[in-house]
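Okay, so the sequence shown: first residue is 48 according to the numbering used here, each after it adds one. A virtual CB, placed ideally from N, CA and C, is assigned to each residue, including glycine.
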Amino acid sequence: MIPMSLSAVAQVVDGVVHGDGDVVVTGPATLDSRAVEGGGLFVALAGEHVDGHDFVQSALDGGAVAVLGSRPVEAPTVVVDDVTVALGRLARHVADEIEAEVVAITGSQGKTSVKDLVAHLLGRAGPTVATAGNYNNELGVPITVLRADHDTRYLVVEMGARGVGHVARLCSIAPPDVAVVLNVGSAHVGEFGSVDNIAVAKGEIVEGLQPDGVAVLNADDARVAAMAARVPAGAAVVRFGRTADGPDDVRLDDVHVDGRGEPDVTLARAGGRWTTHVPLPGAHQGLNLAAAVAVAAALDHRVDEQVLSDYRSASAQRLQRLERSDGVVVLDDSYNANPESVVAAIETLRTIDATRRVAVLGEMLELGADAHLRHVEVGRAAADAGLDLVLAVGQGARGVAEGAGAQAREVPDVDVALTTLRAWLEPGDVVLVKASRGARLERVTAGLLDA
């Protein structure tokens with residue numbers, strides 16, 4: 048956050064100061080009173096079940112110096128009609144004031160992995176602020192922007208969407224200098240109505256580019272490649288993928304996966320060709336790396352084979368490899384799921400050296416009328432991968448068991464899943480845990496690690 052008096056904040060967000068308007072905010076904004084930093088701004092949201100105004104004292108005790116809220120409290124406060132709108136206005140002001148180049152990333156899957164890779168590559172060149180976790184909505188994007196200051200050189204922002212117009216709104220808060228579209232899949236299709244509508248929404252990110260910006264597009268995804276026609280005049284296009292063949296593009300030439308499921312990735316660009324190891328499970332990380340390298344290239348940074356030598360993923364529960372003392376390995380990918388990402392995770396599990404391979408799969412949410420069929424297809428992918436056991440957890444995942452056939456077991460809940468796994472697992476087994484966030488299968492991971 049750039050230093051701002053509370054009166055200045057009020058002017059930017061069209062709010063009214065209650066209390067001392069000369070108080071200066073120097074720390075980042077936060078929605079969580081437990082995560083406040085010294086000099087920070089506590090954003091008090093009044094939700095359906097929880098009212099942030101009730102936690103103001105906790106925020107002050109943690110170091111906050113002021114509050115942005117919808118009613119006066121016992122602290123210096125800017126009162127506004129709509130806290131979410133005001134937060135976005137404040138973030139846009141900060142984005143305009145600092146000189147950071149904004150990299151915005153969207154896609155149906157892979158956003159968080161690519162965001163982490165981009166932040167790593169750019170962090171080698173200068174101070175970089177990136178979205179924490181997948182804090183990628185109308186609250187998370189401004190909170191990310193408000194962590195930046197005048198020293199920030201790069202701002203890497205993940206942008207999600209649950210409807211047409213959402214990404215455009217996020218781009219109005221943090222207008223991108225580089226806009227990345229990874230793919231268009233079936234995630235949230237139940238909310239969008241069709242995959243074509245998802246493409247419309249994701250493409251808003253390139254329409255929001257700065258006049259001299261760069262669109263980084265997946266050449267292997269037809270819907271994404273077609274977004275080149277939506278790029279504003281004056282902006283450039285860089286592509287990545289196996290079919291990328293332009294002089295500035297990043298081509299994915301080869302992916303070779305080792306016994307841990309981690310790929311050696313060969314990329315080519317501008318006549319050069321190099322191979323690097325990605326210390327993350329999954330052959331699909333090759334395309335993720337190609338996207339990240341394309342971003343670095345768009346910002347005129349050279350990348351070589353040593354670029355990931357010190358890389359560690361910044362986000363948990365994304366195909367995170369966790370090993371027990373008895374040799375059982377858990378691949379925790381429980382943060383979220385859609386059909387495409389589950390199939391990619393199953394393929395990753397298939398490639399890992401193991402005594403036996405187990406997939407614990409829960410419901411994939413927001414798939415609309417085809418939800419059962421998509422679960423069946425995922426089950427078939429598990430069967431085709433030759434897995435030794437597929438646990439379908441919960442009624443919403445029954446289609447997985449149907450598709451997986453003889454190797455599948457249906458279990459009603461996490462407790463029964465854990466009982467089954469504890470009786471079945473042996474040293475050398477590898478267990479994949481994956482479902483939509485609402486299924487809360489991180490409890491399976493926690494239970495296995497406590498065993």
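Restricting attention to alpha helix (DSSP H) runs no shorter than 4 residues, the segment 177 to 255 encloses them at 187 to 192, 213 to 220, 236 to 239, 242 to 249 and 251 to 254, ordered along the chain.
In the DSSP assignment, Pro-310 falls within the beta strand (DSSP E) that extends over 310 to 316. Counting only the Cα atoms, Glu-309 lies some 13 angstroms from Tyr-358. When the five nearest sequence neighbours on each side are left out, the beta carbons in the same chain lying within less than 6 angstroms of the beta carbon of Ala-246 are those of Val-231 and Arg-270, in order along the chain. Between the segment 376 to 393 and the segment 472 to 479, the count of Cβ pairs shorter than 8 angstroms is three or higher; the stretches touch. Linking Leu-366 to Arg-456 through their CA atoms gives a straight-line distance of about 22 angstroms.
Straight through space, the alpha carbons of Leu-496 and Arg-371 are spaced by roughly 6 angstroms. Across the set Gln-58, Thr-159, Gln-442 and Leu-436, the C-alpha of Gln-58 shows the shortest separation from the C-alpha of Leu-137. Residue burial annotation: Glu-410 is buried, with at least 16 other C-beta atoms found within 10 angstroms of its C-beta. Arg-289 carries a coil assignment under DSSP once its states are collapsed to helix, strand and coil. Check the Cα spacing between Ile-220 and each of Asp-243, Ile-190 and Ala-317: the tightest is with Ile-190.
Of Ala-345, Val-278, Gly-255 and Gly-426, the smallest CA-CA separation from Pro-294 is found for Ala-345. Rounded to the nearest whole angstrom, the CA to CA distance from Val-261 to Ser-105 is 43 angstroms. Unbroken alpha helix (DSSP H) stretches of 4 residues or longer found wholly inside the segment 119 to 179: 130 to 144 and 158 to 170, given in chain order.
Counting only runs of 3 or more residues that sit fully inside the segment 403 to 462, the beta strand (DSSP E) segments are 404 to 408, 436 to 440 and 455 to 458, in chain order.
Taking a C-beta distance under 8 angstroms as the contact criterion, Val-227 and Val-176 do not qualify as a contact pair. Under the three-state reduction of DSSP output, Asn-335 falls in the helix class. Scanning Gly-250, Asp-347 and Pro-459 for the CA closest to the CA of Ala-444 turns up Pro-459. Residue nearest to Arg-118 within the set Val-64, Tyr-382, Val-350 and Asp-431 is Val-64 (criterion: CA-CA distance). The DSSP-derived three-state label of Asp-379 is strand.
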